[in-house]
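Encoded as structure tokens, the structure appears first; notes follow it.
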Amino acid sequence: MLHETSPLAIGIFAAFVAGVLWLSFRLGRKGQSAQGYYAAHGQVHWAVNGIAFAGDYLSAASFLGICGMIAFHGYDGFLYSIGFLAGWVVALFVIAEPIKELGRFTFADALDARFDSWGIKLAVAISTLVVSVFYLIPQMVGAGSLVTPLLGLPHWVGVILVGVAVTCIVVTAGMVSTTWVQFIKGSLLVLFCGVLTGLILARGLAVNAGREGPVEMTPQVRTLRPDGTVLVDGKPRGPDHDLRPVGTITRLPERYGDARVTGPLGPLAYLAALEDSTVVTWEKTTRTDAEGMHETFTPRERPAAQLLRPGGYFKGLAGNTLAGRLDFASLMLALFCGTASLPHILIRYYTVKDAAAARKSTVVGIAAIGGFYVLTLYLGLGAMTSGALDPTDTNMAAPLLAKSFSETLFAIISAIAFTTVLGTVSGLIMAGSGAVAHDLVENVCGVRMTDHEKVRVGKLAAVALGIVAMALGIVFKGFNVGFLVGWAFNIAASANLPALVMLLFWRRTTKQGIIAAVIVGMLASLGWILLSADTFEKVYGLPGSQAPMPFSQPGLVTIPLGFVVLVVVSLLTPPPSPVRR
Amino acid sequence: MTDRDARQPRTAAPASRLGLALFGLYVLLYGGFITLVLARPDLVAERPFGGVNLAIACGLGLIVAAVLLSVVYMVARAGR
Chain A
937 MLHETSPLAI GIFAAFVAGV LWLSFRLGRK GQSAQGYYAA HGQVHWAVNG IAFAGDYLSA
997 ASFLGICGMI AFHGYDGFLY SIGFLAGWVV ALFVIAEPIK ELGRFTFADA LDARFDSWGI
1057 KLAVAISTLV VSVFYLIPQM VGAGSLVTPL LGLPHWVGVI LVGVAVTCIV VTAGMVSTTW
1117 VQFIKGSLLV LFCGVLTGLI LARGLAVNAG REGPVEMTPQ VRTLRPDGTV LVDGKPRGPD
1177 HDLRPVGTIT RLPERYGDAR VTGPLGPLAY LAALEDSTVV TWEKTTRTDA EGMHETFTPR
1237 ERPAAQLLRP GGYFKGLAGN TLAGRLDFAS LMLALFCGTA SLPHILIRYY TVKDAAAARK
1297 STVVGIAAIG GFYVLTLYLG LGAMTSGALD PTDTNMAAPL LAKSFSETLF AIISAIAFTT
1357 VLGTVSGLIM AGSGAVAHDL VENVCGVRMT DHEKVRVGKL AAVALGIVAM ALGIVFKGFN
1417 VGFLVGWAFN IAASANLPAL VMLLFWRRTT KQGIIAAVIV GMLASLGWIL LSADTFEKVY
1477 GLPGSQAPMP FSQPGLVTIP LGFVVLVVVS LLTPPPSPVR R
Chain B
89 MTDRDARQPR TAAPASRLGL ALFGLYVLLY GGFITLVLAR PDLVAERPFG GVNLAIACGL
149 GLIVAAVLLS VVYMVARAGR
């Protein structure tokens, strides 16, 4: 019922993937030198780079994760959109131009530009790998989520499919093919999300998603048995017996009288009408016994206005608890500081010719990304009321919303979502392979390599990272990808931003200060996450109350900690020698 | 030519004063929004803008503000 495959969907999906791979092989000859492989020769046009920024940044977390979070929890998902975009302000006004002038291939190049320090290269290479791996997890999980409804294949097949495709993209032409894949993906994503939003507004709001009769309000039970079989309401799940889709309106605003549909609405009128409507969401409870794990999805009718304000996901805001509020503030700080600290974003600055091009490409990126994040609000709310949601999978809200319009649109949106994963993962693997080949092997280990060997080592590193990404994508199945990417932002902001900002603005910064800030920021944020209530509940399966950390998002503590460590260590060590020019 | 020889200049021009001023302005807007959500969650449920509540209006406003400020910055820097 929820997941039927169609030949059309498979055909469109196959065409997208084949097109992307064809482009990569065609561009392959342009990525044979180190400068070409790692930085696309620094000759990418700023407008292309700007859209490629959008393609790099608008990951599975932005598309699948945020839409799903808004559809399931309301306004709080939109807070991620706000925070993700706000981070670009830091990138444009503070980081863009200086980092273009400082670096060459990797983030470590920039932080080490003044010092030529073995320790900085090592610390930053490790932090690049850690951040990239944490960012890879949600992308691969998102890929796995997509193939089940699209191709009827298990989660792990989707993960392997993305892993192999991305490794091919990166290995064929490095940053050249990665740039064009990201450009195509960024363009298609914004364009088709705009189309989908237009369809949502044209359809307006409808009681019971336009179906006849009252909204079905009986609970549904899914039982996962130890032998791997699945029961729905006590009977084996099959093509004719599955969970029914959820997420509907039960009552429109009074001004519509007895009408069951509003008809087409403008962007603001849509929000206002929804605010006065009543919707059905559902609550999930879990119970385990000898038969297996029983998940009960119970419909709950409530005013939509409750979902259009903060507190649906960040329960601490609604409950007004100190820990909950700190958790929220911490996440918003990490999102703000994290973007300009993500290695796979920063290396895109090396693909344009100068600082002016870096600045202009960032502005193009902000316009495209900002436009997309406005659309996420409508996509999420449209999914919430589409009557098409799978209550077991938050990541499928946007594709299933498209399915509520047509099978063709579902196929296109799913294929774009898959390309979304390809674009972001290729950027992450590029950042990771540069950290391994350029920073660790060449600069830290001191292995002298020819230009050709540098490219070969980078490609080998890309293959290894691809395998790691596939393994993690399978292990973390079932997590909301937006939630997972919050971890990567926290680690990036805590490990990288203090060093980057202080290097640019405080002349007394020493190499020891940078090394200490990167290591302490990375370990502190990583340790905090591993000991947080969220990780206890969602990863270890333990009660969150047993977690030692007072709130789950570490940024509020670990980002300032990075700054403090850098200042203290810098003051305790000899000042740097005069700057070499 | 070695990597070291080929490396870009070892210092970078600091971010412009205009950039830092616009950054400061955005920090005030973003920080103000977070503070409002934390301090007065009841207030963001108010609907002063044609039926759209303050939480959504502020969120959309922050996104539009980021785009506008970045365009202002690009235009201002283009003339230099």
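If you read the protein sequences in the order shown, they are chains A and B. Sequential numbering from 937 applies to the first sequence in my numbering. Sequential numbering from 89 applies to the second sequence in my numbering. Note that CB positions come from ideal geometry on N, CA and C, so glycine has one too. As the structure is a prediction and not an experimental result, all values here were calculated from the model.
Check                                                                                                                                                                                     : Outcome
Should Phe952/A be flagged as near chain B, meaning a C-beta pair shorter than 8 Å?                                                                                                       : no
What residues from chain B crowd round Leu1253/A, counting only those whose CB sits closer than 9 Å?                                                                                      : Val125, Leu126 and Pro129
Between Ile1035/A, Ala975/A and Ile946/A, which lies nearest to Arg1295/A when the distance is taken from Cα to Cα?                                                                       : Ile1035/A
Relative to the C-alpha of Val1454/A, which residue among Gly1323/A, Ser1063/A, Phe989/A and Val1077/A is closest?                                                                        : Ser1063/A
Would the beta-carbon of Ala1294/A be found less than 7 Å away from any heavy atom of the ligand NAD?                                                                                     : Ligands displayed in this structure: none; no statement on the ligand NAD is therefore possible.
For the segment 144–164 of chain B, which residues have a CB atom closer than 8 Å to at least one CB atom of chain A, in sequence order?                                                  : Ile144, Gly147, Leu148, Leu150, Ile151, Val152, Ala154, Val155, Leu157, Ser158, Val159, Tyr161 and Met162
Which residue comes first and which comes last in the alpha helix (DSSP H) that contains Arg165/B?                                                                                        : Leu142 to Ala166
Use the C-beta contact count for Tyr161/B: other C-beta atoms within 10 angstroms, 16 or more gives buried, fewer gives exposed.                                                          : buried
Listed in chain order, which residues of the segment 1279–1300 of chain A have Cβ atoms closer than 8 Å to some Cβ of chain B?                                                            : Ala1291, Ala1292, Arg1295, Lys1296, Thr1298 and Val1299
Does Lys1036/A come out as helix, strand or coil in the three-state DSSP assignment?                                                                                                      : helix
Helix, strand or coil, according to DSSP, for Lys1339/A in the structure here?                                                                                                            : helix
Label Asp1290/A either buried or exposed according to how many other C-beta atoms from any shown protein chain fall within 10 Å of its C-beta, with 16 as the threshold for buried.       : exposed
Give me the Cβ distance between Gln1156/A and Phe1041/A, rounded to the nearest whole Å; I'm assuming they're in contact under 8 Å.                                                       : Not really, about 52 Å apart at Cβ, beyond 8 Å.
Measuring only between beta-carbons, confirm whether Val1025/A sits less than 8 Å from chain B.                                                                                           : yes
What are the uninterrupted segments assigned as beta strand (DSSP E) that are 3 or more residues long and contained completely in the segment 1149–1234 of chain A, given in chain order? : 1156–1160, 1166–1168, 1184–1187 and 1214–1225
Please report whether the beta-carbon of Pro1239/A lies at a distance below 8 Å from any beta-carbon of chain B.                                                                          : no
Taking Cβ-Cβ distances shorter than 9 Å, what residues in chain A pair up with Arg135/B?                                                                                                  : Ala1208, Glu1211 and Ala1241
Which of the three DSSP states, helix, strand or coil, is assigned to Met89/B?                                                                                                            : The predicted position of Met89/B is uncertain, since its pLDDT is 35 and thus under 50; a value taken from the coordinates is nonetheless stated next. Met89/B falls in the coil class under three-state DSSP.
Counting only beta-carbon separations shorter than 8 Å, does Gly139/B have a partner in chain A?                                                                                          : yes
Given that Ile1018/A touches chain B, what residues does it touch there, using C-beta distances under 7 Å?                                                                                : Gly147, Leu150 and Ile151
Grouping DSSP H, G and I as helix and E and B as strand, with all else coil, what is Leu1325/A?                                                                                           : strand
Looking at the unbroken alpha helix (DSSP H) that takes in Val1069/A, where does it start and where does it end?                                                                          : Trp1054 to Leu1087
If we cut at 8 Å on Cβ distances, does Val1066/A have a partner in chain B?                                                                                                               : no
If we define contact as Cβ-Cβ less than 8 Å, is Leu108/B a contact residue for chain A?                                                                                                   : yes
Helix, strand or coil, according to DSSP, for Val956/A in the structure here?                                                                                                             : helix
Taking the beta carbon of Cys1381/A as the centre, do at least 16 other beta carbons fall within 10 Å, making it buried, or is it exposed?                                                : exposed
Between Phe1020/A and Thr1298/A, is the Cβ-Cβ spacing less than 8 Å?                                                                                                                      : no
Shortest alpha-carbon distance to Leu1258/A belongs to which of Ser1488/A, Thr1321/A, Met1332/A and Leu1325/A?                                                                            : Ser1488/A
At a Cβ threshold of 8 Å, is Pro97/B touching chain A?                                                                                                                                    : Caution applies to Pro97/B, whose pLDDT of 40 falls short of 50 and renders its modelled position unreliable; the value that the coordinates give is listed next. Judged by the 8 Å Cβ criterion, Pro97/B is in contact with chain A.
Looking at the C-beta of Pro1200/A, does it have a partner C-beta in chain B at a distance below 8 Å?                                                                                     : no
Within 10 angstroms of its Cβ, does Asp1163/A collect 16 or more other Cβ (buried), or is it exposed?                                                                                     : exposed
Between Leu1497/A, Lys1474/A and Lys1447/A, which lies nearest to Ala1429/A when the distance is taken from Cα to Cα?                                                                     : Leu1497/A
Look at the Cβ atom of Leu1086/A, then the Cβ atom of Ser1350/A, and state whether they are nearer than 8 Å.                                                                              : yes
In or out: Ala1438/A buried (at least 16 other Cβ within 10 Å) or exposed?                                                                                                                : For clarity, residue 1438/A is Met in the given sequence; the question names Ala instead. Met1438/A is buried by the Cβ-count criterion.
Measuring only between beta-carbons, confirm whether Arg105/B sits less than 8 Å from chain A.                                                                                            : no
Assuming Arg1288/A contacts Gly978/A under a Cβ cut-off of 8 Å, what Cβ separation, rounded to an integer in Å, is found between them?                                                    : Reading off the sequence, residue 1288/A comes out as Val, not Arg. Rounded, the Cβ-Cβ distance is 7 Å, consistent with contact.
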